[in-house]
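> Residue numbers (the numbering used here), protein chains in the order written: chain A, 127 to 351; chain B, 127 to 351.
We put the beta carbon where it would ideally sit given N, CA and C, even for glycine.
So that we are looking at the same thing, I have put the structure below in structure tokens.
Number of protein chains: 2
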Amino acid sequence: MSEANGRETNLRVFLVDDHGLFRAGVRAELGTTVEVVGEAGEASEAVAGIVATRPDVVLLDVHLPGGGGPAVLTGVRAAWPADDAASAPRFLALSVSDAADDVISVIRAGARGYVTKTIGGAELVAAVRRVADGDAVFSPRLAGFVLDAFSGALPVPADPELDQLTAREKEVLRHIARGYTYKEVAARLYLSVKTVETHVSAVLRKLQLSNRHELTAWANDRRLL
Amino acid sequence: MSEANGRETNLRVFLVDDHGLFRAGVRAELGTTVEVVGEAGEASEAVAGIVATRPDVVLLDVHLPGGGGPAVLTGVRAAWPADDAASAPRFLALSVSDAADDVISVIRAGARGYVTKTIGGAELVAAVRRVADGDAVFSPRLAGFVLDAFSGALPVPADPELDQLTAREKEVLRHIARGYTYKEVAARLYLSVKTVETHVSAVLRKLQLSNRHELTAWANDRRLL
DNA sequence: GTGACCATCGGGGATGACCCCGGGCCGACC
DNA sequence: GGTCGGCCCGGGGTCATCCCCGATGGTCAC
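This is how it looks when you write it as structure tokens:
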């Protein structure tokens, strides 16, 4: 984790957090070693600012008014010039939350790291440098279950949420998402309707969804059909 | 395809393409026979320019920053004075793409022709004249599947199945297809659940579907969301 | 062996989805 | 005036969905 990687020029950092005081604190900590080129407290404002300032690293809060951290990531990606993907900024999530859902959502959206706000100033600087150099950085407690979820596949995220499901549950999920009734799924998989119910319940619980319609939508933007 | 249709004055042409060099090339080819009254490299700029210069024909690229060819079509149509529809320009799509989706989208938006950029200068002039005279012009390979897609209905493709539904039924359909429960739809449309049931029943009957899942699938491959 | 997890199935119940029937109000058309 | 269709509601019923509880076996690890 040496911080001297042959990079001469100051790192340019963009700050996204909905609390002005927190941004001021981060700026104070970073100011002497890296350059804070801009900041934003809301998602669309962040996208515009990042595209305009072209920073090396974006420090990104997970919970934001206007769409949250993942929305900023996808927004920047969409707005970034396609012929200039190499210069796209790296994203480092910086959040109070250590909830699995929060971590997974920003990592899946493309963040290269995730540290909690309990981090110290020096560590934060080091984390920013490592992310800028292409490394992935995680707070100690988070690293474990992120690796579990991705089972060793960092570059291609696979799907941690899908991996929570057993083989049978995924099978049932596919049929439900296609619109079959429980009875039809039971007939196709040679099961009783009750077993299908059990699997569907497990899937809904694990994915934190409330009914089969949300499940269909969930499966759709994941192209699981 | 005679080019002398009694038109004495030069044709006035507007050029929309995001590549300046390509616009220069077209201008060079057309310049001696028709008058290029303006050009634009981006959608909103194009709409403003077209409305201001009132050309006879617009040469329109399909892929543009700011919304693409169809956006220009609809933008000009919206901005054009309603009492002067007769003088509205004809649109001729001019694109590198020969993909079905691209062709269909601009034709449905109202373009009167579609030629690929492999066309020669003389042919392009002829195509512009024919479009100005009200003809439809297509590159040979494209003409076939355009006719297939519209199966003879050039002016308004419409959707016969969707037209069976009343306005209220279509409204309910959209909500159901998004996954809302009857109760939620009722709340959003200020109706009783019973009324929602009635409309859903009517929709299912008219479209010959058997449940809301099939309805969701039906709405999806029709892009009604 | 004991526990943990998985797959399979069941009872029972609350709610949603979907259907049948009926009614009333209103505007358009004849 | 009468008729028709769109729109709004209701009662009442069947089946689907989704949850709670429970049970049985199998596999694998410790």
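Where do the ends of the alpha helix (DSSP H) carrying R331 of chain B lie?
That run of the alpha helix (DSSP H) goes V319 to L333.
> Classify G146 of chain B: buried if its beta carbon has 16 or more other beta carbons within 10 angstroms, exposed otherwise.
G146 of chain B should be labelled exposed.
> Since V198 of chain B contacts A172 of chain B with CB under 8 angstroms, what's their CB separation in whole angstroms?
That belief holds up - the Cβ atoms of V198 of chain B and A172 of chain B are roughly 5 angstroms apart, short of 8 angstroms.
> Give a yes or no on whether the minimum CB-CB distance between E340 of chain B and chain A is below 8 angstroms.
Chain A, which has a Cβ nearer than 8 angstroms to the Cβ of E340 of chain B, makes this yes.
> Can you tell which of B:R331, B:Q334 and B:L185 has the C-alpha that lies nearest to the C-alpha of R255 of chain B?
When each option's Cα is compared against that of R255 of chain B, the closest is B:L185.
> For A279 of chain B, I'd like the list of residues in its chain whose CB is within less than 8 angstroms of its CB, leaving aside the five on either flank, ordered along the chain.
Low confidence applies to A279 of chain B: its pLDDT is 35, below 50, so where it sits in the model is not reliable enough to give any reading.
> Please tell me whether G305 of chain A has its Cβ less than 8 angstroms away from any Cβ of chain B.
Judged by the 8 angstroms Cβ criterion, G305 of chain A is in contact with chain B.
> Could you give the first and the last residue of the continuous alpha helix (DSSP H) run that contains V257 of chain A?
Per DSSP, V257 of chain A belongs to the alpha helix (DSSP H) from G247 to A258.
> According to the neighbour-count rule (16 or more other Cβ atoms, all chains shown, within 10 Å of its Cβ), is T292 of chain B buried or exposed?
By the 10 Å Cβ count, T292 of chain B comes out exposed.
> List, from N- to C-terminal side, the beta strand (DSSP E) runs of 3 residues or more that fit wholly inside the segment 179-218 of chain B.
Fully enclosed beta strand (DSSP E) runs of 3 or longer: 183-186.
> Apart from the five residues on each side of it in sequence, which residues of its chain come closer than 8 angstroms, Cβ to Cβ, to A253 of chain A?
Closer than 8 angstroms at the Cβ level, and outside the excluded window around A253 of chain A, lie L218, G239, V241, I245 and V263.
> According to DSSP, is E171 of chain B helix, strand or coil?
Helix, per DSSP.
> Buried or exposed: V78 of chain A, going by 16 or more other Cβ atoms within 10 Å of its Cβ?
Examination of residue 78 of chain A is not possible in this model, given that chain A is present from 127 through 351 alone.
> May I ask which residues mark the beginning and end of the beta strand (DSSP E) holding G146 of chain A?
Per DSSP, G146 of chain A belongs to no beta strand (DSSP E); it is in the alpha helix (DSSP H), G146 to L156.
> How long is the line joining the alpha carbons of S336 of chain B and H301 of chain B, rounded to whole angstroms?
Going by the C-alpha atoms only, they are around 17 angstroms apart.
> Roughly how many angstroms separate the alpha carbons of V257 of chain B and E168 of chain B, rounded to a whole number?
Rounded to the nearest angstrom, the two C-alpha atoms are 23 angstroms apart.
> What's the gap between the Cα of G236 of chain A and the Cα of N346 of chain B?
Going by the C-alpha atoms only, they are around 28 angstroms apart.
> Suppose the cutoff is 7 angstroms on Cβ atoms and the five residues either side in sequence are ignored; what does the same chain contact list for A328 of chain B look like?
E295, listed in sequence order.
> With a 10 Å radius around its C-beta and 16 neighbouring C-beta atoms as the bar for buried, classify H189 of chain A as buried or exposed.
Classification of H189 of chain A: exposed, given that the 10 Å Cβ count is below 16.
> Excluding the 5 residues preceding and the 5 following V251 of chain B in the sequence, name in chain order all residues of the same chain whose CB lies nearer than 8 angstroms to its CB.
Excluding sequence neighbours, V251 of chain B sits near E129, E155, L156, T159 and V160.
> In angstroms with no decimal places, state the Cα-to-Cα distance between S318 of chain A and A303 of chain A.
Spanning the two alpha carbons is a distance of roughly 19 angstroms.
> List, in chain order, every chain A residue whose beta-carbon is nearer than 7 angstroms to that of K343 of chain B.
The sequence as given places Ala at residue 343 of chain B; Lys does not occur at that position. Here the neighbours are G305.
> Of all the options A:R331, A:K243 and A:G305, which has the alpha carbon lying nearest to the alpha carbon of G151 of chain A?
Residue A:K243 is the option with its Cα nearest to G151 of chain A.
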